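Position in the sequence shown (from 1) plus 29 gives the number in the numbering used here. For every residue, glycine included, the Cβ atom is placed at its ideal position computed from N, Cα and C. No experiment lies behind these values; they were computed from the predicted model shown. Before any comments, here is the structure.
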Amino acid sequence: MLEPVDRDAGGRICKWTVDKHIIHTPNIAIVINPNNMPVTPLELKKDFGAEIIITNSYIINKHEELKQQALKQGLHKFLNWSGPIYTDSGTFQMYSQGVKTIDPIGIVEFQKTIGSNIVTPVDVFTFPDDTAAVAKRKLNETVRRIMAARKSISDRYLVGPIQGGMYLDLRKAACKKVAKIQPDVFAIGGIVPLMESYRFDELAEIIITCKKNLPFTKPVHAFGAGHPMLFAFLTAIGCDLFDSAMYSLAAQRDGYLTTSGTIPLFDLQEFPCSCPVCSKADVIDIKKLPKPEREVFLAKHNLYVTFQEMRAIRTAIRGQWLWELVQERARAHPTLLEALHWTLARHAKWLLNLEWVSKRSALFWSGEESGHRPEILRALEWLKRVKSKRKFTKPPFGKIPVGLKSVYPFGQSIIPGVPEPKIKTTPKEIFSATVDYQFGNSTSKRFKDVRLEISRRTGRIRRVYKDNTLLGTIRPADGFFVPTIEGAKILKGKIKKVKITDPEVAGIVSRGGSVFVKFVKPLDVIFPGEEVSIVDKNNKIIGVGQTLLNSEEMKQLKRGVAIVRR
Numbered sequence: 030m031l032e033p034v035d036r037d038a039g040g041r042i043c044k045w046t047v048d049k050h051i052i053h054t055p056n057i058a059i060v061i062n063p064n065n066m067p068v069t070p071l072e073l074k075k076d077f078g079a080e081i082i083i084t085n086s087y088i089i090n091k092h093e094e095l096k097q098q099a100l101k102q103g104l105h106k107f108l109n110w111s112g113p114i115y116t117d118s119g120t121f122q123m124y125s126q127g128v129k130t131i132d133p134i135g136i137v138e139f140q141k142t143i144g145s146n147i148v149t150p151v152d153v154f155t156f157p158d159d160t161a162a163v164a165k166r167k168l169n170e171t172v173r174r175i176m177a178a179r180k181s182i183s184d185r186y187l188v189g190p191i192q193g194g195m196y197l198d199l200r201k202a203a204c205k206k207v208a209k210i211q212p213d214v215f216a217i218g219g220i221v222p223l224m225e226s227y228r229f230d231e232l233a234e235i236i237i238t239c240k241k242n243l244p245f246t247k248p249v250h251a252f253g254a255g256h257p258m259l260f261a262f263l264t265a266i267g268c269d270l271f272d273s274a275m276y277s278l279a280a281q282r283d284g285y286l287t288t289s290g291t292i293p294l295f296d297l298q299e300f301p302c303s304c305p306v307c308s309k310a311d312v313i314d315i316k317k318l319p320k321p322e323r324e325v326f327l328a329k330h331n332l333y334v335t336f337q338e339m340r341a342i343r344t345a346i347r348g349q350w351l352w353e354l355v356q357e358r359a360r361a362h363p364t365l366l367e368a369l370h371w372t373l374a375r376h377a378k379w380l381l382n383l384e385w386v387s388k389r390s391a392l393f394w395s396g397e398e399s400g401h402r403p404e405i406l407r408a409l410e411w412l413k414r415v416k417s418k419r420k421f422t423k424p425p426f427g428k429i430p431v432g433l434k435s436v437y438p439f440g441q442s443i444i445p446g447v448p449e450p451k452i453k454t455t456p457k458e459i460f461s462a463t464v465d466y467q468f469g470n471s472t473s474k475r476f477k478d479v480r481l482e483i484s485r486r487t488g489r490i491r492r493v494y495k496d497n498t499l500l501g502t503i504r505p506a507d508g509f510f511v512p513t514i515e516g517a518k519i520l521k522g523k524i525k526k527v528k529i530t531d532p533e534v535a536g537i538v539s540r541g542g543s544v545f546v547k548f549v550k551p552l553d554v555i556f557p558g559e560e561v562s563i564v565d566k567n568n569k570i571i572g573v574g575q576t577l578l579n580s581e582e583m584k585q586l587k588r589g590v591a592i593v594r595r
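Structure follows, in structure tokens:
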């Protein structure tokens, strides 16, 4: 079960319940190889805060001693891990080690028998250079195997791998076919070769194609994505889960992971990191260690960097500055920056449906790609709603009505070389422009003879009254108008609506209760962060609030708060 908690860009923070365990996404499942554990599962939990691990059932099944231990003890006792365990089927070994065949039925049954929480069928790995005909054949076989696994798995979570190679039409078809089987996780497969060859633009196209054609109700796993330089970008385009053997594989090659790439240990003169292991070590001493000890040191550092980046991403989502983090990380490599640029340029309208209409954090112009940010695209569209004789100019928005100078994003954007305008405005100009900007052309004409209460301290509008009736407030952080129920009545036909048909729930909401998604029916196309009116089955306004979800998410999701009640 997936419950959205927060969001930014195309990313989201969710509570993902697996059996009795809660995983906070975006998150990473650390790969555990029983044959080589530089860090134990117990250490992962205690020292790094890991919430989920992934291990390869093919490797365990192939080695008789490991197999017998797992069968006898059960997977959790075998790995000494009390949390959820995700098992892979061995598909990646078919790519990386040239394994020819894996019994698709037997390996699923083995995963069930040893007690895996999340079971992966054997998908057929599709290579980037596979022809369309080959990719389609592999896709159909993968779907057949998922269907077979679904029939045999009722008490475990099932992974639905998405194949299709480089062919976006096949990826789209795969999403629709796999979604009908109703797995519990969608895993985008066949992408490791693209990451290995820095083909990030093509990687993004595949992931976004999948996201556009998958439901919001299940987490999306970027299979094999394990380098911290990619996590922010992949989160921003919709990935919820990653998995990493990179911490160990890099350590075996004396690789020192950073969010900007991998540095060979022997190129370092000092450690650029303050993690618990680096802050206590001298690089010269580490270089002198025997290889096994060096590997343990590097694996721990690599894990600290990995988990630090996960925390940074979740922090950025909560603060609504994920794009700023992505733009910073994208400068680690020219091809990653290029991928970000083209992703924003090609898919801004899709991202627009996922993006807040206003943010707590200012928009920072970080480079040419900033011009394609969805916040800017929406602002340019909404500016068409406002008529004004007095305007000022601010790139990249162009001419802006003076009444919007303190409204997001015009007053909350920092553009290098562009000074903030020194323009005097009247409260009436500000209120009229703001209401038209939010709710549509000429909406402000409905608010006749209103009284605007001005803050003595800031000189800004605080509240809006009709006689002694409060119609709404102006939110200081972004300059948006926040209507009361009486204000929403004036906005009828302009303000977007959601309906609650259950009389008992409607009564709770009318008394100020939270608006949960399972009881809400959107009546308009709604974006996250919009002010909406809440109506009962008779279309009577029973409340107002700010949306946390868009209208499509409201239709699909079953858990979580949809609207913050005013």
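> By how many angstroms is the C-alpha of R323 removed from the C-alpha of R310?
Replying inline: Per the sequence presented here, residue 310 reads as Ala, with Arg not at that position. Rounded to the nearest angstrom, the gap between the Cα atoms of A310 and R323 is 12 angstroms.
> Are F326 and L332 closer than 8 angstroms when you measure CB to CB?
Replying inline: no
> If you run the structure through DSSP and keep just helix, strand and coil, what is S3?
Replying inline: Past the boundaries of the shown model lies residue 3; the chain is included only from 30 to 595, so the question cannot be answered.
>> Less than 7 angstroms between C-beta atoms, sequence neighbours within five positions excluded: which residues of the same chain meet that for H71?
In response: The sequence given here has Leu at residue 71, not His. Hits under 7 angstroms: N109.
>> On the DSSP bridge list, what partners appear for K495?
In response: T498
>> Quick check: G508 and G440, are their CB atoms within less than 8 angstroms of each other?
In response: Taking 8 angstroms as the Cβ cut-off, G508 and G440 qualify as a contacting pair.
>> Once the 5 residues before and after E458 are set aside, which same chain residues still bring their CB inside 7 angstroms of it?
In response: Shown here for E458: same chain residues with a beta carbon closer than 7 angstroms to its own, the five before and five after excluded, namely V431 and G432 in chain order.
> Is the distance from the Cβ of Q463 to the Cβ of F421 below 8 angstroms?
Replying inline: Reading off the sequence, residue 463 comes out as Thr, not Gln. No; because the gap between Cβ atoms is not below 8 angstroms, this pair is not in contact.
> Closest by CA to W385, which one among D37, P33 and E32?
Replying inline: It is D37 whose Cα lies nearest to the Cα of W385.
>> I need the DSSP call for I59, collapsed to helix, strand or coil.
In response: strand
> By Cβ distance, which residues of its chain are closer than 6 angstroms to A345, with the 5 residues on each side in sequence left out?
Replying inline: So the qualifying residues of the chain are L351 and L354.
> From K106 to N90, what distance separates their C-alpha atoms?
Replying inline: 16 angstroms
>> Quick check on Y227: does DSSP put it in helix, strand or coil?
In response: coil
> How many Å lie between P33 and K316 at the Cα?
Replying inline: 45 angstroms
> Which word fits F468, buried or exposed, when buried means at least 16 other C-beta atoms lie within 10 angstroms of its C-beta?
Replying inline: For F468, the number of other beta carbons within 10 angstroms of its own is at least 16, and it is reported as buried.
> In terms of residues, what are the limits of the beta strand (DSSP E) holding W45?
Replying inline: G40 to V47
> Whole beta strand (DSSP E) runs in the region 352 to 439 with 3 or more residues, listed along the chain?
Replying inline: Runs found: 420 to 423 and 427 to 430.
>> Threshold first: 4 residues or longer. Then list the alpha helix (DSSP H) segments lying entirely within the region 216 to 282, N to C.
In response: 221 to 225, 229 to 241, 257 to 265 and 275 to 281
>> Taking the straight line between their C-alpha atoms, what separation do you get for K423 and K74?
In response: 49 angstroms
> Span of the alpha helix (DSSP H) holding D465?
Replying inline: P456 to F468
> Is the distance from the Cβ of A164 to the Cβ of L199 below 8 angstroms?
Replying inline: In this structure, L199 lies closer than 8 angstroms to A164 by Cβ.
> Going straight from the alpha carbon of L412 to that of I82, what length do you get?
Replying inline: 48 angstroms
> Rounded to whole angstroms, how far is the Cβ of T246 from the Cβ of A361, which I believe are closer than 8 angstroms?
Replying inline: Not confirmed; about 33 angstroms, so no contact.
> Between the region 560 to 569 and the region 519 to 530, are three or more C-beta pairs nearer than 8 angstroms?
Replying inline: yes
>> For N62 and R228, what's the separation of their Cα atoms in angstroms?
In response: 28 angstroms
>> If you follow the alpha helix (DSSP H) that Y333 is in, where does it begin and where does it stop?
In response: K320 to G348
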